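Presented below is the structure to which this report refers.
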Amino acid sequence: MPEPVETIGERLQSSFDALTRAERQLANAILENYPVSGLGSITTLAANAKVSTPTVVRMVRKLGFPGFPQFQAALRRELEAKITNPIAKHDTWAENAPDGHILNRFTEAVIDNIHQTLAQIDPASFDAACALLADPKRTVFVAGGRITRALADYFYMHLQMIRRGVTSIESRSNSWPHSLLDMQAGDVLVIFDNRRYENSTIKLAELAREQGVKIILFTDQWRSPVSRCADLCFSSRIVVPSAWDSSVVIMLLLETMIAEVQKQTWDGTRERIEALEEVFDRTRFFRKFN
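Sequential numbering of the sequence shown, starting at 1, is according to the UniProt record's numbering.
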């Protein structure tokens with residue numbers, strides 16, 4: 001089945017300012033453990049959010065659904081997409097593959113992902129994340145999972161060239177407790193976690209949060225459970241005509257963030273890069289063409 005153009009979570013976030021106080025309370029309750037939180041009965045959802053059942057009905061209609069059953073049906077489809085494995089994703093794509101070359105179809109999907117993601121990004125939250133990462137008084141820790149490890153490594157490599165005090169946390173769950181010992185209140189933990197969310201990553205976030213660490217999360221449109229612990233959460237669209245998800249939009253956010261942090265710390269960054277280049281020259285690390 002085709003994946004939805006816009007998730008209910010994204011609709012809630014984009015329409016948040018137009019909701020009443022009670023509806024905002026309900027929206028926060030749904031997003032807290034999204035999308036599972038909305039799959040119980042209407043009375044259970046209302047009770048958990050401490051609102052009335054008519055409030056649930058009104059907000060569901062504001063989101064474009066005729067009633068609560070249709071709202072839940074959409075949530076179930078999202079949950080199915082959230083836990084789908086690569087083989088099932090490929091089969092779904094193959095059955096619905098449009099005409100045209102894969103280069104065009106894939107690129108169109110990526111461009112659509114970029115547009116939809118940027119429409120949801122709060123510039124103030126983006127600026128706040130850059131300010132945390134540029135603060136020399138804060139140590140930055142970077143963690144990824146089985147697939148998102150590559151994104152974490154890329155971000156770590158660039159950030160540690162820009163500033164001191166950046167640590168890469170190994171993805172093996174038996175190694176990150178050692179990094180947890182070094183985290184202090186006010187430090188920053190950057191986490192990458194996409195669907196098929198990893199239990200060890202969630203536990204790392206929970207323990208770091210208890211220590212007063214600021215958490216920046218990069219996740220997908222369904223939002224990792226880590227979002228419950230995160231101070232700042234950036235959700236990217238990742239669906240493309242492939243058995244695997246796309247990292248293009250997340251990479252766009254990362255490179256933009258790297259550019260902004262570099263700008264804010266340029267004086268120190270320049271000295272650091274010059275020193276690094278001197279080391280490269282002395283060790284003949286790179287081949288030079290003279």
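Just so it is clear, CB atoms sit at the ideal spot from N, CA and C, and this is done for glycine as well.
Values in this document were obtained by computation on a predicted structure and should not be read as measured data.
Who are the near neighbours of residue i in its chain, counting only those whose CB is closer than 8 Å to its CB and skipping five residues on each side?
i	result
GLU206	CYS229
VAL249	VAL110, ASN113, ILE114, THR117, SER236, ARG237, ILE238
Name the DSSP bridge partner or partners of residue i?
i	result
ALA143	ILE169, ILE191
SER236	ASP220
How would you write the range of the beta strand (DSSP E) that residue i sits in, first residue to last?
i	result
ASP220	214 to 220
Could you spell out the range, first to last residue, of the alpha helix (DSSP H) harbouring residue i?
i	result
PHE155	149 to 162
MET183	Careful: MET183 lies outside any alpha helix (DSSP H) and carries neither H nor E.
VAL226	Counting along the chain, VAL226 falls outside any alpha helix (DSSP H), and DSSP gives it neither H nor E.
ILE250	248 to 264
PHE39	In the sequence as presented, Phe is not what sits at residue 39; that position holds Leu. Where LEU39 is concerned, there is no enclosing alpha helix (DSSP H), given that its DSSP letter is neither H nor E.
ILE30	21 to 32
VAL110	102 to 120
GLU210	199 to 210
PRO123	123 to 134
Do you know how far the Cα of residue j is from the Cα of residue i?
i	j	result
SER247	ILE238	6 Å
SER37	TRP266	44 Å
ALA47	GLY186	35 Å
ILE202	LEU180	13 Å
PHE65	GLU6	13 Å
CYS130	HIS101	38 Å
ALA150	THR43	43 Å
LEU79	PRO35	7 Å
ALA152	MET251	10 Å
ILE111	SER15	23 Å
GLY145	ARG223	15 Å
residue 294	CYS233	For residue 294 there is no data in the structure shown, the boundaries of the chain being 1 and 290.
PRO4	LYS62	Here the model assigns PRO4 a pLDDT of 46, short of 50, so the residue's position is not dependable, and the following value carries that caveat. Near 18 Å, if we compare the C-alpha coordinates of LYS62 and PRO4.
PHE155	LEU75	32 Å
Using a Cβ-Cβ cut-off of 6 Å (strictly less than) and excluding sequence neighbours within five positions of residue i, which residues of its own chain qualify?
i	result
ALA134	VAL261, GLN264, THR265
VAL60	PHE68, PHE71
GLN221	THR7, SER235, ARG237
VAL213	MET183, ASP187, LEU189
Just to confirm my understanding: we take residue i, look at its own chain, exclude 5 residues before and 5 after, and list those with CB closer than 7 Å. What are they?
i	result
VAL56	LEU26, ILE42, LEU45, ALA46, PHE68
VAL51	ALA22, GLN25, LEU26
Report yes if the C-beta of residue i is less than 7 Å from at least one heavy atom of the ligand ATP; otherwise report no.
i	result
THR43	The ligand content of the structure shown is nil, which means the ligand ATP is not present either.
Segments assigned alpha helix (DSSP H), at least 4 residues, entirely inside the stretch 43 to 81: 53 to 62
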